[in-house]
Amino acid sequence: MAAQKINEAHDHIAKAEKCLKTSLTKWKPDFDSAASEYAKAAVCFKNAKQYEQATEAYLKEAEYQTENKTLFHAAKAIEQAGMMMKEQKKMPEAIDLIEKACMMYMENGTPDTAAMALDRAGKLIEPINLEKAVDLYQKAAGVFENEDRLRQAVEMLGKASRLLVRLRRLDEASVAVLKEKNMYKDIENFPMCFKKTTVQVLIHLHRADYVAADKCVRESYSLPGYSGSEDSVAMETLLQGYDEQDEDQVYRVCNSPLLKYMDNDYAKLALSLRVPGGGTKKKKAAAAAPQGGADGAPAEDDYEGGLC
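Counting from 1, position 257 in the sequence shown corresponds to residue 257 in the UniProt record's numbering; the numbering is continuous, with no gaps.
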């Protein structure tokens, strides 16, 4: 079967080369027919699992589609060549080709196709290179945003945000999540704004920035329905426990279903959150010495004026 497909592929290549020849009666190469024959050859090589030869055939198809001024089909061929590189375990080369295809989609005036290709490339590279995946998802988000397709843009941003958290690039993650939240606000998906506020709080507390975390919650009270919601009550309780170094209270909130069943990267942020200085059982300590320290002096708030 494989040998038969390889022979078919070579027959198509021979036909393609014939299409490119000129003569006294044929002044111009037939790029359209040559591209078609190389496309057929590529499929035959692919079916025979001859991925290197399939890559070459797809790139030849792309070359002649470009000569024929059919950029969309040229980009498709280059993207397919990238997929053949993936089959050869040559992921950096695969991603380079897919990004090149995306540029051609943009040039052709089909940005949605470009963004979807960037998303596919991100999924391919994510298991081996998180940094590159973040870059690809952010580029896809930018393309969708430019086309006013905010629902698709925010989905891509969400993928980038989660990976930034996984990479512990928390400063960048806080910016990305804020952008997500603003997009959800623009499309009036307020329940998702509540969830993004929770993620913001977790990120800022991991950055040891209590003031920024508190500000996120305060600002979210302007969102319809946030006041009194399960999300707002949880965040108020978490911030209070963190500020008072009450590790039991922080543990209870972070292990509640609301936080425990978030996206995995965010759930890990919650479960790994620790209060400053290792934490204490502050409420029990307060019960033992309600009037202050051992010398009877009034107790001072450990974090008067904020943590930072």
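Quick reminder that beta carbons are idealized off the backbone N, C-alpha and C, glycines included.
| Check | Outcome |
| --- | --- |
| Among D209, A117, K90, which one has its Cα closest to the Cα of D171? | D209 |
| Is Q245 near the ligand COA, with its Cβ less than 6 Å from a heavy atom? | Ligands displayed in this structure: none; no statement on the ligand COA is therefore possible. |
| Within 8 Å, do at least three Cβ pairs link the region 248-255 to the region 175-187? | no |
| Hey, out of T55, K76, L258, whose CA is closest to P191's CA? | L258 |
| Classify A285 as helix, strand or coil using the three-state DSSP reduction. | Confidence at A285 is low in this model, with a pLDDT of 41, below 50, so its placement is unreliable and the value that follows should be read with caution. Looking at A285 - three-state DSSP - the assignment turns out to be helix. |
| Do A41 and I13 have their beta-carbon atoms positioned less than 7 Å apart in this structure? | yes |
| How many Å lie between L130 and E236 at the Cα? | 33 Å |
| By the three-class DSSP mapping on this structure, what secondary structure does I78 have? | helix |
| When the Cα of H73 is compared with those of E61, P111, M83, G82, which residue comes out closest? | E61 |
| Alpha carbon to alpha carbon, how far is L178 from F144? Give it in angstroms, no decimals. | 18 Å |
| Taking its Cβ as the centre, do 16 or more other Cβ atoms sit within 10 Å of L118, making it buried, or is it exposed? | buried |
| For I13, which three-state DSSP category applies? | helix |
| Nearest-angstrom Cα distance between E219 and A267? | 23 Å |
| Going by the beta-carbon positions, is the gap between L97 and A133 smaller than 7 Å? | no |
| In this structure, does DSSP put E155 in helix, strand or coil? | helix |
| Starting from V275, trace the alpha helix (DSSP H) both ways and give me its first and last residue. | Note, V275: premise wrong, no alpha helix (DSSP H); not H, not E. |
| Where does the unbroken alpha helix (DSSP H) through M103 begin, and where does it stop? | 91-108 |
| DSSP three-state label for A267, please. | helix |
| Taking only the alpha-carbon atoms, compute the straight-line gap between Y105 and K181 and give it to the nearest angstrom. | 29 Å |
| Can you find the residues in the same chain that come closer than 8 Å, C-beta to C-beta, to K28, ignoring five residues on each side of it along the sequence? | T22 |
| Which same chain residues end up closer than 7 Å to M85 when comparing Cβ atoms and leaving out the 5 residues on each side of it in sequence? | T55, E93, A94, L97 |
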